[in-house]
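Student: Residue 3 is where the sequence shown starts when you use this note's numbering, and the numbers rise one by one after that.
Ideal placement from N, C-alpha and C gives every residue a C-beta, glycine not left out.
Quick one: structure below, then a few questions.
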Amino acid sequence: YGFVDTLWGRKRRLPNIQLDPYEFEYIGDAPKDFDPLAFDDFGEEDFEVDEETRQKYTNLLNRTYNWKGKQSIIARAKDEGIAIKDNGEFIAEATRQCVNSRIQGSAADQTKIAMILVGNDEKLKELGFRLLLAVHDELIGECPKENAKEVSERFAQLMVDAAKDLSVPSKCDIVVTDCWYGEPLQFN
3 YGFVDTLWGR
13 KRRLPNIQLD
23 PYEFEYIGDA
33 PKDFDPLAFD
43 DFGEEDFEVD
53 EETRQKYTNL
63 LNRTYNWKGK
73 QSIIARAKDE
83 GIAIKDNGEF
93 IAEATRQCVN
103 SRIQGSAADQ
113 TKIAMILVGN
123 DEKLKELGFR
133 LLLAVHDELI
143 GECPKENAKE
153 VSERFAQLMV
163 DAAKDLSVPS
173 KCDIVVTDCW
183 YGEPLQFN
């Protein structure tokens, strides 16, 4: 209902997913058939496009699959004093964001969990590891060179443990270098 959850329950609001496909309104102050004596239950004039007209244009637009055809229907409605706003792009964008948000949001949650595990791990602290930076789904840290092999194994295990709640297996690729994005070091 306008929200999408990550796998760990974080919510993102996407209200455009609930838009009506088309919005209708009369052009100008009042419709052509406006009757100043016709009031609704609340005592105000009803300037809304009637349901029959809305349904007629909605059906026409839904049966037209090319842009030019839709534009001619919208132009015909405009000649009748009705402006039609097509919300298709907003709905399509919100739909894409729903899929993307669940994936990227869950990856971000997993990275945060990994940062907590790495930051609280006593063994990594004993080995002199320091977490320096998070870049998207990567964690970058440093340690003394003599502890690099042991740190990389422990670090990889903690990264995989961050995804233990998922029903699919996770893996972690570790790259050890002398400097950031330098040539990888080889261990014996």
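Just to confirm before moving on: does the CB-CB distance between Ala165 and Gln112 stay below 8 Å?
Tutor: It is a contact, given that the beta carbons lie within the stated cut-off.
Student: Within 10 angstroms of the Cβ of Gly45, are there 16 or more other Cβ atoms? Answer buried if so, exposed if not.
Tutor: Note that Gly45 scores a pLDDT of 47, beneath 50, so its modelled location is shaky and nothing firm can be said.
Student: Quick one, which of Val178, Ile29, Asp139 has its alpha-carbon nearest Lys151's?
Tutor: The option with the nearest alpha carbon to Lys151 is Val178.
Student: Which same chain residues, not among the five before or five after Leu133, have their C-beta less than 7 Å away from its C-beta?
Tutor: For Leu133, where only same-chain residues beyond five positions count, the Cβ hits under 7 Å are Met117, Val120, Gly121, Leu141, Gly143.
Student: Buried or exposed: where does Cys181 fall if 16 or more other Cβ atoms within 10 Å of its Cβ makes it buried?
Tutor: So Cys181 ends up on the exposed side.
Student: With which residues is Gly143 paired in a DSSP beta bridge?
Tutor: DSSP, once it has assigned bridges, lists Leu133 as partnering Gly143.
Student: Given a threshold of 16 other Cβ atoms within 10 Å of its Cβ, counted over all protein chains shown, does Ser154 qualify as buried or as exposed?
Tutor: So Ser154 ends up on the buried side.
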